[in-house]
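Just below is one structure, and these are the notes that go with it.
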Amino acid sequence: MMLQQQKYLKAIHAFFRILFDLQFFINKVQIKVTPRHFFTTGNQILVIVDTQWSDAGVYSCRISNSLGTAKGTTRLQVLTASGEAVEASSSSFGLDDKSTTTGIIIIAVVCCVVGTSLVWVIIIYQTRKRHEMYSAAPS
1 MMLQQQKYLK AIHAFFRILF DLQFFINKVQ IKVTPRHFFT TGNQILVIVD
51 TQWSDAGVYS CRISNSLGTA KGTTRLQVLT ASGEAVEASS SSFGLDDKST
101 TTGIIIIAVV CCVVGTSLVW VIIIYQTRKR HEMYSAAPS
C-alpha cells in the first residue's frame with residue numbers, strides 16, 4: 001500500500017509539477033540528515049540504516065503547499081532479537097528490563113543487609129560501652 005501511495009505522489013508531482021515542502025520529524029523534533037538518516041527521491045522517502053534503539057519513537061511527516069498542509073504520523077518500534085519492543089525513552093544502557101529490575105532488587109537487598117548489620121554493630125558497641133562504663137565506676 002505504501003508503494004502505491006509513493007507512486008501516486010510521484011505521478012501527481014510529475015504531471016502537475018506541484019511545489020511542496022516536505023518535513024520529517026521524530027518525537028516532534030525535525031530530522032536532520034546524518035550518515036544513518038537520509039532522504040531519497042527528492043526528499044520524499046526517509047531512509048534509516050543501521051537501526052539503533054534510539055530510532056524508536058513517533059515519526060511524523062508534514063507536507064505543505066499553496067493549497068494547505070497535511071500530516072501523517074506513525075510509531076516505530078525497534079525489536080530485540082527475541083522480538084520484544086524497545087521504547088525510545090528506555091535508558092537501560094543495553095540491558096533488558098528483567099535484568100535491570102533484578103539488579104535493582106539485588107542492590108536493595110544488599111543495602112538492607114549492610115544497613116541492618118551496621119545498626120546492630122552500633123547497638124552492640126553502645127551496649128558494651130555503657131556496660132564497661134558502669135562496671136568500671138567505683139562503688
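Per UniProt numbering: the sequence shown = residues 1 to 139.
Where is the CB? At the ideal position from N, CA and C, for every residue including glycine.
Item, Value
"C-beta atoms of N27 and G57 nearer than 7 Å", "yes"
"Alpha-carbon to alpha-carbon, Q52 and S82", "15 Å"
"C-beta contact flag for L22 and I63 at 7 Å", "yes"
"Strand pairing of Y59, partner residues [DSSP]", "I26 and T74"
"Local conformation of T100 per DSSP, three classes", "helix"
"Boundaries of the beta strand (DSSP E) in which T80 is found, first to last residue", "Per DSSP, T80 belongs to no beta strand (DSSP E) and is neither H nor E."
"For S60 and F20, believed in contact at Cβ under 8 Å, the rounded distance", "Their Cβ separation, rounded to whole angstroms, is 16 Å, which puts F20 and S60 out of contact at 8 Å."
"CA-to-CA distance, H37 to N43, given in whole angstroms", "11 Å"
"Top-ranked residue by Cα proximity to S54, from A70, T80, F39 and G68", "T80"
"DSSP state of L46 mapped onto helix, strand, coil", "strand"
"Where D21 falls: helix, strand or coil (DSSP)", "strand"
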